[in-house]
Amino acid sequence: MSTKDIVNAIFEMFEMNRTPRSGWQRAGLRHGMVENDAEHTCFVTQIAFILAMLEGQNPGPVVCEALFHDNAEPRTGDANKLNKRYFDKKAGERQAFKDFISRLPSSVSSGMQECFDDFEKGESVRAKIVKDADLLQMAFQAKFYMSIGYKFTERHLMGVGNKLHTLSAKDLYRILLETEFYEWCD
Numbered sequence: 002m003s004t005k006d007i008v009n010a011i012f013e014m015f016e017m018n019r020t021p022r023s024g025w026q027r028a029g030l031r032h033g034m035v036e037n038d039a040e041h042t043c044f045v046t047q048i049a050f051i052l053a054m055l056e057g058q059n060p061g062p063v064v065c066e067a068l069f070h071d072n073a074e075p076r077t078g079d080a081n082k083l084n085k086r087y088f089d090k091k092a093g094e095r096q097a098f099k100d101f102i103s104r105l106p107s108s109v110s111s112g113m114q115e116c117f118d119d120f121e122k123g124e125s126v127r128a129k130i131v132k133d134a135d136l137l138q139m140a141f142q143a144k145f146y147m148s149i150g151y152k153f154t155e156r157h158l159m160g161v162g163n164k165l166h167t168l169s170a171k172d173l174y175r176i177l178l179e180t181e182f183y184e185w186c187d
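Just remember that the working numbering sits 1 ahead of the position in the sequence shown, which is counted from 1.
Spelled out as structure tokens, the structure:
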């Protein structure tokens, strides 16, 4: 590993700024309105911190897992429901993530791989919190898009509730459904 390899890996992470979340395009949003993977990851990480604290978990490992949960997507793109019908998303992302971290020293890559693997397995409390944060972020984003007139995002909002694991996420989701986006300003 060289310092140049690490620099290139960090540049690859910057590509998350240019990787759009593709499901929103299917819902009719114009390209400039669609969030990217970096924005998504920022909010997922913050929601994961909140959920970890509400669930009495150490937020550190949860936040680390949330930070890297979509780091394969600069290579694979963000596969939406329709895309997933035509290729093995998990296998592709596993290989893309492995290729991404291959530029990093093992002292770094091993921790990132552990986070990625735990999230993909989805069995630990930590992974379930991150998955809930991932789903809640989509629900919050859908609610925002609905508030500015994109009614077809409602299916993204309504499809989340039965997939949540933690009581805290279910409670947040229930209140989210009752709350208008701009109420935070009052």
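Where is the CB? At the ideal position from N, CA and C, for every residue including glycine.
Under 6 Å Cβ to Cβ from residue i, same chain only, skipping five residues before and after it: list those, please.
i      : result
Ser110 : Ile102
Ala143 : Thr154, His157, Leu158
Ala92  : none
Phe141 : none
Gly112 : none
Give me the DSSP bridge partner(s) of residue i.
i     : result
Asn37 : Pro21
To the nearest angstrom, how far is it from the Cα of residue i to the Cα of residue j?
i      : j      : result
Gly61  : Thr46  : 10 Å
Phe12  : Arg104 : 11 Å
Asn9   : Ile149 : 38 Å
Tyr87  : Phe120 : 22 Å
Asn163 : Leu83  : 20 Å
Phe69  : Asp187 : 34 Å
Thr77  : Phe15  : 14 Å
Ala28  : Glu155 : 9 Å
Ser108 : Gln114 : 11 Å
Leu52  : Gln26  : 28 Å
Gly24  : Val131 : 19 Å
Tyr151 : Pro106 : 44 Å
Ile176 : Glu56  : 17 Å
Ala170 : Val64  : 16 Å
Asp118 : Pro21  : 23 Å
Asn59  : Asp71  : 21 Å
Glu179 : Pro75  : 35 Å
Met54  : Thr167 : 12 Å
Met34  : Cys116 : 30 Å
Asp89  : Arg31  : 27 Å
Met2   : Trp185 : 47 Å
Residue i lies in the alpha helix (DSSP H); which residues open and close that run?
i      : result
Leu136 : 126-148
Pro106 : Here Pro106 belongs to no alpha helix (DSSP H), and DSSP marks it neither H nor E.
Gly160 : Here Gly160 belongs to no alpha helix (DSSP H), and DSSP marks it neither H nor E.
Tyr174 : 168-179
Lys5   : 4-15
Glu231 : Nothing about residue 231 can be reported from this structure: the residues present for the chain run from 2 to 187 only.
Give every residue of the same chain whose Cβ lies closer than 7 Å to the Cβ of residue i, excluding the five residues on either side of it in the sequence, and list them in chain order.
i      : result
Ala73  : Glu94, Ala97, Phe98, Phe101
Phe182 : Lys144, Phe145, Ser148
Ala134 : Val45, Ile48, Ala49, Leu52, Ala67
Leu136 : Val161, Lys164, Leu165
Leu173 : Leu137
By Cβ distance below 8 Å, which residues in the same chain neighbour residue i in space, the five residues on each side in sequence not counted?
i      : result
Gln138 : His41, Phe44, Val45, Ile48
Lys122 : Ala128
Asp6   : Arg104, Leu105
Asn37  : Met17, Asn18, Arg19, Thr20, Pro21, Arg22
* Give a yes or no on contact between the region 93-102 and the region 125-133, applying the rule of three or more CB pairs nearer than 8 Å. => no
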